[in-house]
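J.: Going left to right, the sequence shown walks through residues 18 to 635 as the numbering used here numbers them. Let me begin by handing over the structure; questions about it come next.
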Amino acid sequence: MYSPDELLEQAHLELARADHDEEATGLDRRQFMFYSLVAAAATTFGADKLRAQGATGASVVPAGGRGGAQQAPQAAPPIPLGNGEAPALQFQAYPGGTGALMEKLARERGRAAFDRASWVVEKWTGPVPTNAEDIAFLPAHKLASLLKERKITSVKLTEIYLERLKRLNPTLLCAVTITEDLARAQATQADAEIKAGKYRGPLHGLPYGVKDLFATKGIPTTWGAADFATRIIDEDAEVVVRLREAGAVLVAKLSTGLFAQNDQWFRGRTNNPWNLSQGSSGSSAGPASATAAGCVAFSIGTETSGSIVSPSTRCGVSALRPTFGRVSRSGGMVLAWSQDRVGPITRSVEDAAMVFNVIHGADEKDPSTLTTPFHFERNIKFAGLRIGVDPNGAPKEFVDKLRDLGAKTTEIGARPSVGGAAPLGGLNSEYAAAFDEYVQRKAKEIGLDLNNLPAPTQPAGGGRGGVAPYGMAANPDNPMAPADWNPRFVSGRSIKSMDFINNQRRRLILTTKWGEFMKDLDMFIAGPSTDVGINAQTGHPCVVVPYKFDVPAQQGGGGGGGGRGAGAAAPTAPATPALNPQPICATIIGGLFNDDKILSVAHQFQTHTDVANKRPAL
Numbered sequence: 018m019y020s021p022d023e024l025l026e027q028a029h030l031e032l033a034r035a036d037h038d039e040e041a042t043g044l045d046r047r048q049f050m051f052y053s054l055v056a057a058a059a060t061t062f063g064a065d066k067l068r069a070q071g072a073t074g075a076s077v078v079p080a081g082g083r084g085g086a087q088q089a090p091q092a093a094p095p096i097p098l099g100n101g102e103a104p105a106l107q108f109q110a111y112p113g114g115t116g117a118l119m120e121k122l123a124r125e126r127g128r129a130a131f132d133r134a135s136w137v138v139e140k141w142t143g144p145v146p147t148n149a150e151d152i153a154f155l156p157a158h159k160l161a162s163l164l165k166e167r168k169i170t171s172v173k174l175t176e177i178y179l180e181r182l183k184r185l186n187p188t189l190l191c192a193v194t195i196t197e198d199l200a201r202a203q204a205t206q207a208d209a210e211i212k213a214g215k216y217r218g219p220l221h222g223l224p225y226g227v228k229d230l231f232a233t234k235g236i237p238t239t240w241g242a243a244d245f246a247t248r249i250i251d252e253d254a255e256v257v258v259r260l261r262e263a264g265a266v267l268v269a270k271l272s273t274g275l276f277a278q279n280d281q282w283f284r285g286r287t288n289n290p291w292n293l294s295q296g297s298s299g300s301s302a303g304p305a306s307a308t309a310a311g312c313v314a315f316s317i318g319t320e321t322s323g324s325i326v327s328p329s330t331r332c333g334v335s336a337l338r339p340t341f342g343r344v345s346r347s348g349g350m351v352l353a354w355s356q357d358r359v360g361p362i363t364r365s366v367e368d369a370a371m372v373f374n375v376i377h378g379a380d381e382k383d384p385s386t387l388t389t390p391f392h393f394e395r396n397i398k399f400a401g402l403r404i405g406v407d408p409n410g411a412p413k414e415f416v417d418k419l420r421d422l423g424a425k426t427t428e429i430g431a432r433p434s435v436g437g438a439a440p441l442g443g444l445n446s447e448y449a450a451a452f453d454e455y456v457q458r459k460a461k462e463i464g465l466d467l468n469n470l471p472a473p474t475q476p477a478g479g480g481r482g483g484v485a486p487y488g489m490a491a492n493p494d495n496p497m498a499p500a501d502w503n504p505r506f507v508s509g510r511s512i513k514s515m516d517f518i519n520n521q522r523r524r525l526i527l528t529t530k531w532g533e534f535m536k537d538l539d540m541f542i543a544g545p546s547t548d549v550g551i552n553a554q555t556g557h558p559c560v561v562v563p564y565k566f567d568v569p570a571q572q573g574g575g576g577g578g579g580g581r582g583a584g585a586a587a588p589t590a591p592a593t594p595a596l597n598p599q600p601i602c603a604t605i606i607g608g609l610f611n612d613d614k615i616l617s618v619a620h621q622f623q624t625h626t627d628v629a630n631k632r633p634a635l
């Protein structure tokens, strides 16, 4: 049996003879064939000796194709990756791809439809409230009227919200950092600009809060973890930039659960202002709680699978989970590149449309983003709208009111699926990749061998949101669960690459099936959270709208697992024997990029009810 080196030497001699073949032209056959044989031999026999030679700098490849040896440069180490670097592969919600979508929209609607729509701030009517609480609970679009007409100053409005945040935060735990100095400076600037006639638009002077997953220059960004309680990322996330350029005033970084799971973070649990015995659900826990409590004019949340819908429903506020790709995530904590979304949480549907009109659109720093037309209609006509209703889940009172307003509905049945438990198990792989740097560092701190992990105490994919805490709930003594350790970032490390790719192939099949299902529908209404998980994967938009005031059904206190959300996870508080009445919410699922239509329909409903005007007693 010849050794690999002896075979390579013999091949080299044979090639040297062949090199004198006078019929060979144009190509250095000797060098080409030698490289090919080296690769084949290394594959067939192994490359231990070749690696050893490479380690000492000796090259087995003749310098310049003439034989001899040369010093091979040491291989550069791979570029380190943190949480934010996006993969080359990007999810596209439209099954035919973004290019085909753009051509289709351009044919149907023309180039002008892609320009950002102007927003008309309606004139204020009636007396101006004088009570601070009455002002605090005004919807944002009403506050915009007061600010534009200089019937109130941004400084006064900002002080109202700062006072409420400082007074109520010990009870709600909705704010991580109250940004007093920045807020006062931005409010003073806004007043000066509005007075000088330099009005920037409907958000100018409005105080808001952003989920503490987004980077803010000079202000801590904690991701809900004590490990990062003082960590400052020295940049502003794109959504913060867009809001600042629109003149909005940042008054608080609002809480999220630990690494965007549930409503538990390093200072405790964020609470539902209507029922303080409940957590506000997660992971946009702080934005939903602060908005419901009148501590901000509006807020920005994020969702991967339920974390806008779940806390908004729990806290009885309006919200938009946009179509995937419509708002930049640049500068935000990544949980899953293929599912993370950013959206507004507000006290009225019109507020959500007003904020979304500013923040949506393509951003080169987030390759998943695209710009598609958005035209909110305050007085949309129901005639011609194709609205589906699931008779087994849609809230009857909500559907009946829409029909009274002129909606014609079509009964729908089961939605498409591709089988399996939590439909596509690739999410844990994205978690693991996004948090690989942190996981490796934390594993060293706690002495955990990532190549020899203990078995999870729950199967991966368990729980309502399809994300099971890795051993955390069932085994509190597991070494995987120190205070700042989120074990769900670990289970994805063992998923085979082929399984991950095949899951994405099935996901495209799923989105294609949903395209067929929705082809004759503009939107549909089902149970408030029935389709949250599957639409997290298909990218469809959803609007949350309160439709009645009642005692909520008894539930656990957690929910909304993922950051930018990952579904509703294990309860964070036991059910209580009695709950106070509060707004009860419905959801409308829209066709892809029908964000404007579902907001317009929800707004029409909301103008014929007074549920959004209710306030929690705090």
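Cβ coordinates follow ideal geometry from the N, Cα and C atoms, glycine included.
#1: Straight-line CA distance for Thr238 to Pro219?
#2: If you run the structure through DSSP and keep just helix, strand and coil, what is Glu381?
#3: For Val561, which beta-bridge partners are listed by DSSP?
#4: By DSSP, does Arg358 sit in helix, in strand, or in coil?
#5: Okay, do the region 316 to 334 and the region 192 to 211 touch, 3+ Cβ pairs below 8 Å being the bar?
#6: Please say whether Pro156 and Ser365 have beta carbons closer to each other than 9 Å?
#7: To which residues of the same chain is Asp357 closer than 7 Å at the C-beta, ignoring the five residues directly before and after it?
#8: If you draw a straight line from the C-alpha of Gly574 to the C-alpha of Asp280, how long is it?
#9: Could you please give me the residues that DSSP links to Val227 through a beta bridge?
#10: Beta carbon of Ile2, beta carbon of Ile605: below 9 Å?
#11: Assuming Phe341 contacts Gly556 under a Cβ cut-off of 8 Å, what Cβ separation, rounded to an integer in Å, is found between them?
#12: Where does Ala200 sit, in a helix, a strand or coil, going by DSSP?
#13: Please list, in chain order, all residues of the same chain as Gln245 whose beta carbon is under 8 Å from its beta carbon, the five residues on each side excluded.
#14: Would Lys159 be called buried (16 or more neighbouring beta carbons within 10 Å of its own) or exposed?
#15: Would you list the residues sitting across from Phe566 in a DSSP beta bridge?
#16: What's the C-alpha gap between Ile429 and Ile404?
#17: Would you grab the beta carbon distance between Pro304 and Leu271 for me? Rounded to a whole angstrom, and I think it's under 8 Å.
#18: Enumerate, from N- to C-terminal direction, the unbroken alpha helix (DSSP H) stretches of 4 or more residues contained entirely within the region 507 to 535.
#19: From Tyr178 to Ile362, what does the alpha carbon distance come to, in whole angstroms?
#20: Roughly how many angstroms separate the alpha carbons of Ala431 and Arg338, rounded to a whole number?
#21: Is Ala629 closer than 9 Å to Ser335 when the C-beta atoms are compared?
#22: Provide the residue span of the beta strand (DSSP E) that contains Phe541, from first to last.
#23: Considering only residues of the same chain and omitting the five flanking positions on each side of Lys512, which have a CB-CB separation below 6 Å?
#24: Determine the direct distance from the alpha carbon of Gly241 to that of Ser617, and round the result to whole angstroms.
#25: Would you say Asp453 and Leu122 are within 9 Å of each other, going by their C-beta atoms?
#26: Using the C-alpha atoms, what's the distance from Ser298 back to Gln278?
#27: Name the two residues that bound the continuous beta strand (DSSP E) containing Val193.
#28: Which runs of the beta strand (DSSP E) fall wholly inside the region 387 to 441 and span at least 3 residues, in chain order?
#29: Can you give the Cα-Cα distance for Lys413 and Asp421, rounded to whole angstroms?
#30: Note down the Cα distance separating Thr233 from Lys418, rounded to an integer number of angstroms.
#31: Flag this pair as touching only if the region 375 to 392 and the region 522 to 541 have three or more C-beta atom pairs under 8 Å; answer yes or no.
#32: For Val78, name the three-state secondary structure that DSSP assigns.
#33: DSSP three-state call for Ser294: helix, strand or coil?
#34: His158 lies in the alpha helix (DSSP H); which residues open and close that run?
#35: Quick check: what's the CA-CA separation for Thr624 versus Gln554?
#36: Cα-Cα, which of Pro94, Asp407 and Thr389 is closest to Glu125?
T.: With the structure as the only source:
#1: Between the alpha carbons of Thr238 and Pro219 lies a gap of roughly 27 Å.
#2: Coil, per DSSP.
#3: For Val561, DSSP records a beta bridge to Ala336 and Thr604.
#4: The three-state secondary structure of Arg358, taken from DSSP, is strand.
#5: Taking a cut-off of 8 Å for Cβ pairs, the region 316 to 334 and the region 192 to 211 do not touch, as fewer than three such pairs fall below it.
#6: In this structure, the beta-carbon distance from Ser365 to Pro156 falls below 9 Å.
#7: Around Asp357: Thr319, Thr321, Arg346, Val351 and Arg581.
#8: Bear in mind that a pLDDT of 42 at Gly574, under 50, signals an unreliable position, so the model cannot answer this.
#9: Note: Val227 is bridge-paired with Lys270 and Ile317 in the DSSP secondary-structure output.
#10: Residue 2 is absent from the model: the chain starts at 18 and stops at 635.
#11: About 3 Å separates the two Cβ atoms, so the contact holds.
#12: Here Ala200 sits in helix by DSSP.
#13: At residue 245 the sequence reads Phe, which differs from the Gln that was named. For Phe245, where only same-chain residues beyond five positions count, the Cβ hits under 8 Å are Pro237, Thr238 and Thr239.
#14: Buried, because 16 or more other Cβ atoms sit within 10 Å of the Cβ of Lys159.
#15: In the DSSP output, where bridge partners are listed per residue, Phe566 has Pro600.
#16: The straight-line gap separating the alpha-carbon atoms of Ile429 and Ile404 is approximately 9 Å.
#17: Sure, about 5 Å apart at Cβ, within 8 Å.
#18: Unbroken alpha helix (DSSP H) runs of no fewer than 4 residues, entirely contained in the region 507 to 535, are found at 514 to 535, following chain order.
#19: Taking the straight line from one Cα to the other gives about 16 Å.
#20: Each residue's Cα considered, the two are about 22 Å apart.
#21: Cβ distance < 9 Å, so Ser335 and Ala629 count as in contact.
#22: Phe541 -> beta strand (DSSP E) spans Met540 to Ile542.
#23: A small fix is needed here, since residue 512 is Ile in this sequence, not Lys. Excluding the 5 residues flanking it on each side, Ile512 has same chain C-beta neighbours closer than 6 Å at Ser446, in chain order.
#24: When rounded, the distance between both Cα atoms is 34 Å.
#25: No, Cβ-Cβ distance for Asp453 and Leu122 is not below 9 Å.
#26: One C-alpha to the other measures close to 9 Å.
#27: In the DSSP assignment, Val193 falls within the unbroken beta strand (DSSP E) covering Ala192 to Ile195.
#28: Within the region 387 to 441, the complete beta strand (DSSP E) runs of at least 3 residues fall at 404 to 406 and 426 to 428.
#29: C-alpha separation (whole angstroms): 12 Å.
#30: Whole-angstrom Cα-Cα distance: 42 Å.
#31: No, the region 375 to 392 is not in contact with the region 522 to 541.
#32: Low confidence applies to Val78: its pLDDT is 42, below 50, so where it sits in the model is not reliable, and the reading given next is rough at best. Coil.
#33: The answer is strand: DSSP assigns Ser294 an E or B state.
#34: Its alpha helix (DSSP H) spans residues Ala157 to Lys165.
#35: Spanning the two alpha carbons is a distance of roughly 32 Å.
#36: Ranking Pro94, Asp407 and Thr389 by Cα distance to Glu125 puts Thr389 first.
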